Structure formats: C-alpha cells, structure tokens
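Protein chains in written order, with the numbering used here: chain A, 1 to 147; chain B, 148 to 294.
Note that CB positions come from ideal geometry on N, CA and C, so glycine has one too.
Note that the structure is a prediction, hence the values are computed from the model and not measured.
Heads up: the structure comes next, in structure tokens.
Number of protein chains: 2
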Amino acid sequence: MTQKRDTANYGAAEVWVQLSRAHMVVQNKIENALKAAKLPPLAWYDILLELDRLGAGGGRAYEVQARLLLPQYGLSRLLERLEKARYVSRKKSAEDGRGKLIFITAEGKKVRLEMWEIYRAALRSAIDDKLPETGKKPLMALLAQLQ
Amino acid sequence: MTQKRDTANYGAAEVWVQLSRAHMVVQNKIENALKAAKLPPLAWYDILLELDRLGAGGGRAYEVQARLLLPQYGLSRLLERLEKARYVSRKKSAEDGRGKLIFITAEGKKVRLEMWEIYRAALRSAIDDKLPETGKKPLMALLAQLQ
DNA sequence: TCCATATAAATGCAAGTGCATCTATATGGG
DNA sequence: CCCATATAGATGCACTTGCATTTATATGGA
C-alpha cells in the first residue's frame, strides 16, 4: 500500500479501534471474574467505593453522580438495586427536603472488599501481566489527553 | 502521601480508570454526534462496514460475529433491526441449510457513508484535536498490548 | 443407515438503559 | 408573601441486552 490515503482521519479511527478493543477486553475479563465469583457487576464497585470514602456522614446522590459520570436516572436506579441488596441505605436529607442522603452499609463494605480481591486479581492479569512496568505511565498520560 | 501503599496493583487500577474514562468520553462524543444527525448508533456502522467489505457475495453471520466480537444473540438481533430498517437483507444459505447469508443493501451503503461523515468529524475533534500527531502510534502500540 | 453430538441462528424472559416527564422542594425577584 | 424558575430525585415506557433454551440442519462414527 504505497498510495496516499484518500480518506482523512484514518489514524484517529485506528486509535479508536484499539481503544475500544482494549477497553472491551479488559472489561470483559473483570466482569467475567466477578461473575465467576458470584459477585455483583463492576458498576456496583465504583459506587460502593465512592460511598465508603464518604464515610459515616454519607453523601448526596448528585455529588456521587458527578464523580462517576453516570446519568441521573442511571444512578437513581443503581441505588435502588443496591438498596434492595442491602448494600446501601437512603434517607431523606434534613437540610434539603428534595434530596436523600446515601450511606454504605456494613454489608456493603464487606462485599466491596470481596469484590476488590477479585477485581485486583483481574487487573493484574489483564494489565500488569500484559504491559511492561515502564508502559503504564506513558499510557496513562496519553489516555489522559483524550479526556 | 509518603507512606508506601499497602494495596497491590494500584498502578493497574489507575491505568484501568484512565482507559475507561477515555473510552467513555470518545464514545459519547461519537454517539452524540450521530444522534444529533439523526443517524443510527455506532454499532450499526461496524456491521455495515463489515458487510460492505464482503461485497456482493455477502457473508455468514458467524463470520461477521467473530470479527466484531459480539455475542451471537447480539448480532442476531442487530441484524433483525438492520433488516427492518432495510439496510441489510438475509437469505437462506444454499450450501448450509442452518445458516443465512447477509448482504448490505444500497440503502445500507448510503447510510453508512452518511454515518462516516459524522463519525469522521467526531473522531477528529475527539482524537486528532486532543492528541499530538506523535502520540498516536505510541498509544496504539500500548493499547495493542492489552489485547 | 441411524444416532449422538456439534453447529448456525433465533427467541422467551428477565433485567438494564435511555428518554422524557413527573413530583416535591428550594430559591430569588417582585 | 407569592410566583416563576431551578434543582433533586423518581418513574413510565419503549428499547436493548444477557442468559438459557429452542429449532433446524450438519457431520462423524457404530
């Protein structure tokens, strides 16, 4: 192929294809590992971690939402499921009657740690085992530019 | 934070977070651009491109499936929708009575090109405008290692 | 030939997602 | 104080996805 390409942005498309595939491959590994361990999906982990970090005071849904880049209704329904599973609890906010305060329960903390064990192992095999140590920083720096 | 971390694989987790965010950001830009142009979602593009490449002879679903990394039922239903939209047609295979041959229609080719115009512009602003030209090759090489 | 097993594709059902809208409360200007 | 507007969060509905299973055909060995 020595001819000049007649279609612009071929390079960007190639980057996007690699980005998509890498993402899918890693995500599948993590989700499959969690599923095999009969643990909740990855999305639950992120919320549980966020709530765990917020501590005993809990937090407002809209704060969590902003940090996790989820749509408003998405978080609302995720919390609904997490509450049904007894991993979080919601109660009316005292200062703002429109809102709720969200808390992680003891059971939620426990399951988050169980998930982390699996998650960590999956990351090790999906990332550490594939990428040389010297590759992580450059990769992160390049990915950060896309945001 | 001068203490040694007590949790292993923190580096891999950071890479994964960046990878997820970069992926989400780019994907949202592309999907939003397509939506704004009242065109079908990105997933349709990939199939249409694949079928377009297969040419007049068409192709079998399981072949396309392997290349696109979709679950079997996912492709089956995607093709169902694409057929309903008149962008592809399916007919019984002559050699293998279990299977179907899949073809892209003229309308399918047309819409794929319309999508490409939008897709290309979105890639330009999401990738070319963010990443220096010298960053693409290294990024692709690093991402390729994760597969 | 017959049957056990494998493969291609479709599908019923439950669960998740996107979009638009709704309810309830807050807030600032007149 | 009242109202228009903004904000927090929930929800009805249509569509999509995941999982398991089904249907139809193929294939290799007894």
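- Fully enclosed by the stretch 216-279 of chain B, which beta strand (DSSP E) runs are 3 residues long or longer? The qualifying runs are 235-239, 247-251.
- Determine the chain A residues that contact Arg-259 of chain B at a beta-carbon separation under 9 Å, and present them in chain order. Under the 9 Å cutoff, chain A gives no residues; its nearest Cβ is about 13 Å from Arg-259 of chain B.
- Cutoff 8 Å: Glu-264 of chain B Cβ touching any chain A Cβ: No - not a single Cβ of chain A is within 8 Å of the one on Glu-264 of chain B.
- Exposed or buried, Gly-244 of chain B, counting other C-beta atoms within 10 Å across all chains shown (16 or more means buried)? Gly-244 of chain B is exposed by the Cβ-count criterion.
- Query: With a cut-off of 8 Å, does the C-beta of Ala-13 of chain A fall near any C-beta of chain B?
  - Reply: Ala-13 of chain A counts as touching chain B.
- Can you tell which of A:Ala-13, A:Gln-145, A:Phe-103, A:Leu-42 has the C-alpha that lies nearest to the C-alpha of Ala-56 of chain A? Comparing Cα positions, the closest option is A:Phe-103.
- Item | Coil, strand or helix - Gly-55 of chain A by DSSP | Secondary structure of Gly-55 of chain A (DSSP, three-state): helix.
- Out of B:Ile-194, B:Lys-277, B:Gly-255, point me to the one whose CA is closest to Arg-233 of chain B's CA. Ranking B:Ile-194, B:Lys-277, B:Gly-255 by Cα distance to Arg-233 of chain B puts B:Gly-255 first.
- Task: Answer yes if the stretch 12-30 of chain A comes into contact with the stretch 61-71 of chain A, meaning at least three C-beta pairs across the two stretches below 8 Å, and no otherwise.
- Result: A contact is defined here as three or more CB-CB pairs under 8 Å, and the stretch 61-71 of chain A fails this definition with respect to the stretch 12-30 of chain A.
- Residues in the stretch 125-137 of chain A having any Cβ partner in chain B nearer than 9 Å: Per Cβ criterion, the list reads Ala-126, Ile-127, Asp-128, Lys-130, Leu-131, Pro-132, Glu-133, Gly-135, Lys-136, Lys-137.
- Label Arg-67 of chain A either buried or exposed according to how many other C-beta atoms from any shown protein chain fall within 10 Å of its C-beta, with 16 as the threshold for buried. Exposed, since its Cβ has fewer than 16 Cβ neighbours within 10 Å.
- Inter-residue spacing [alpha-carbon to alpha-carbon] between Ala-12 of chain A and Ala-144 of chain A: So the alpha carbons of these two residues sit roughly 16 Å apart.
- Cβ pair count under 8 Å reaching 3, the stretch 218-228 of chain B against the stretch 265-282 of chain B: Remark: fewer than three beta-carbon pairs, one from each stretch, lie closer than 8 Å, so the stretch 218-228 of chain B and the stretch 265-282 of chain B are not flagged as touching.
- Item | Members of the stretch 60-79 of chain A near chain B, C-beta cut-off 8 Å | For the stretch 60-79 of chain A, the set of residues with a beta-carbon nearer than 8 Å to any beta-carbon of chain B comprises Leu-69, in chain order.
- Query: Less than 8 Å separating the beta-carbons of Leu-293 of chain B and Lys-130 of chain A?
  - Reply: Result yes, Cβ atoms of Leu-293 of chain B and Lys-130 of chain A sit closer than 8 Å.
- Message: Less than 8 Å between the beta carbons of Leu-39 of chain A and Val-111 of chain A, yes or no?
- Response: The Cβ-Cβ distance between Leu-39 of chain A and Val-111 of chain A falls below 8 Å.
- Are any of the Cβ atoms in chain B nearer than 8 Å to that of Trp-44 of chain A? Chain B contact via Cβ: absent.
- Item | Inter-residue Cα distance where the pair is Lys-29 of chain A and Arg-200 of chain B | Answer to the nearest angstrom: the Cα atoms are 30 Å apart.
- Message: If we define contact as Cβ-Cβ less than 8 Å, is Arg-21 of chain A a contact residue for chain B?
- Response: Answer yes: the Cβ-Cβ gap between Arg-21 of chain A and chain B drops below 8 Å somewhere.
- Message: On a Cα-Cα basis, can you pick out the residue from B:Asn-179, B:Lys-238, B:Gly-246, B:Ala-288 that is closest to Leu-270 of chain B?
- Response: Out of B:Asn-179, B:Lys-238, B:Gly-246, B:Ala-288, B:Asn-179 has the C-alpha closest to the C-alpha of Leu-270 of chain B.
- Task: Output, in chain order, the set of chain B residues within a Cβ distance shorter than 7 Å of Ala-144 of chain A.
- Result: Chain B residues near Ala-144 of chain A: Gln-165.
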